[in-house]
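Asker: Quick one: structure below, then a few questions.
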Amino acid sequence: MRLILLGPPGSGKGTQAAAVKGRYGIPHISTGDMLREAVAAGTPLGMKVKDIMASGGLVPDEIVGEVVAERLSRPDARKGFLLDGFPRTIHQAEILGAALSARREALDAVVKVNLSDEEVVRRLSGRRTCSACGAPCHAVFSPPRAAGVCDSCGGALKQRDDDKEDVIRNRLSVYHRQTAPLAEWYSKRGLLREVDGGGLVEEVQRRVFAALEAKGPSA
Ligand code: AMP
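Just so you know, the numbering used here puts the end of the sequence shown at 219, numbered straight through with nothing missing.
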C-alpha cells in the first residue's frame, strides 16, 4: 500500500500512522520527524531548516522533496509506505507524483484526518515529551503525577518549540493556505478518504482502517 496521511498539525496523524504501520507492515515516513532528527544532530540540513521549523513555516519544497526521494529509494519502501506530513503543498504533490511515475508506482489512497482549529490548539498546547525517554503525555488529558516530570523515568518534560500557542496558530494558517488545497487535488484524482479526527485514539483508528478498507473514495 502506498498511502498519504493528510490533516492539520495535531490531528493525530503520527499516532494513527503508527497503527497503520503495524497493521500493514509498511514504513512510516514522517518528514517532521526526519527534519527534527537533522536539527537535533546539527547536520547541514538541520542547520538550514532549524529556524523555519521553530517559526512554524514550511521548509522549501525542493529540500523536503530531496529528503523524501532519498527515503523512498531505500529497500523497505519498495513495497509500500505511509507518508505523514508530506506532501504539504501542491508543488510537493507534483514532486511526489513525478518520483512515483518514474518508478511506475501509484498512490493507493490519501486519508485526511479532520479536526477543528480550536481542538488542534487544545491538543498541541498541552503536548509534552520526556527529554530523557521520549514518552509522550498531555498537560490536560493525561497529566503527569508531578508537574514537569515524566511518570515513566523521572526525566524533565519538554514542550516542542513549535507547540507554543502563537506558533501553533501560524502552523494552522500555513496549513489552511498551503496544505488544505491538497484535499481537492487528491479528490479530483479519486484518492481522497476523509475521517473525523475527534474522540478517542481507538475510535479514530477504527475510522482510518475502515476508510482504507472501503472500496472507493469517500469524497
Ligand atoms: P510536523 O511534525 O509534520 O508537524 O512538521 C514539523 C515542521 O517540519 C513543520 O512545521 C515544517 O516546518 C517542517 N515540515 C515537515 N514536513 C514538511 C513538508 N512536507 N514541507 C515543508 N516543511 C515541512
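Idealized CB from N, CA, C, for every residue including glycine. Here the structure is a predicted model, which means the values were calculated and not measured.
On the three-state DSSP scale, how would you describe R145?
Answerer: coil
Asker: So is the beta-carbon of R103 under 7 Å away from any non-hydrogen atom of ligand 1?
Answerer: Taken from the Cβ of R103, every heavy atom of ligand 1 lies 7 Å or farther away.
Asker: Just checking T31 against ligand 1 - is the residue's beta carbon closer than 7 Å to any of the ligand's heavy atoms?
Answerer: yes
Asker: Locate the beta strand (DSSP E) running through L3, then write down its first and last residues.
Answerer: Where L3 is concerned, the enclosing beta strand (DSSP E) stretches over R2 to L6.
Asker: Which residue or residues does DSSP assign as beta-bridge partners of P136?
Answerer: T129
Asker: Using DSSP with H/G/I as helix, E/B as strand and the rest coil, what is A98?
Answerer: helix
Asker: When you compare only the Cα positions, how much space is there between P181 and F86?
Answerer: 13 Å
Asker: What number of angstroms, rounded off, separates the C-alpha of A69 from the C-alpha of P27?
Answerer: 14 Å
Asker: Counting pairs of beta carbons, one from the stretch 23-38 and one from the stretch 113-132, are three or more of them closer than 8 Å?
Answerer: no
Asker: Would you call the stretch 52-65 and the stretch 29-43 touching, i.e. three or more CB-CB distances under 8 Å?
Answerer: yes
Asker: For A146, count neighbouring C-beta atoms within 10 Å of its own C-beta (all shown protein chains included) and say buried if the count is 16 or more, exposed if not.
Answerer: By the 10 Å Cβ count, A146 comes out exposed.
Asker: Does the beta-carbon of V47, which I'm using as the reference point, lie nearer than 7 Å to any heavy atom of ligand 1?
Answerer: The sequence shown places Met at residue 47, rather than the Val named in the question. No; taking the cut-off as 7 Å, the Cβ of M47 has no heavy atom of ligand 1 nearer than that.
Asker: Less than 8 Å separating the beta-carbons of N114 and E194?
Answerer: yes
Asker: Can you tell me the Cα-Cα spacing of V174 and A132, whole angstroms?
Answerer: 31 Å
Asker: Relative to ligand 1, is the shortest distance from any of its heavy atoms to the C-beta of G57 smaller than 7 Å?
Answerer: yes
Asker: Can you tell me which of S55, V49 and L45 puts its alpha carbon nearest to the alpha carbon of A172?
Answerer: Before going further, note that residue 172 is Leu rather than Ala in the sequence given. When each option's Cα is compared against that of L172, the closest is S55.
Asker: With a threshold of 16 other CB atoms inside 10 Å of the CB of C150, please say whether the residue is buried or exposed.
Answerer: buried
Asker: Measure the C-alpha to C-alpha separation of G190 and V111 and round it to an integer number of angstroms.
Answerer: Roughly 12 Å between the two C-alpha positions.
Asker: In this structure, what does DSSP give as the bridge partners for N114?
Answerer: D196
Asker: Please state whether DSSP places L72 in a helix, a strand or coil.
Answerer: helix
Asker: Are there any heavy atoms of ligand 1 lying less than 7 Å away from the beta-carbon of Q16, as far as the coordinates show?
Answerer: Checking the Cβ of Q16 against ligand 1 gives no.
Asker: May I ask whether a heavy atom of ligand 1 can be found less than 7 Å away from the beta carbon of L35?
Answerer: Yes, ligand 1 has a heavy atom inside 7 Å of this Cβ.
Asker: Would you kindly report the start and end of the unbroken beta strand (DSSP E) that includes S30?
Answerer: H28 to S30
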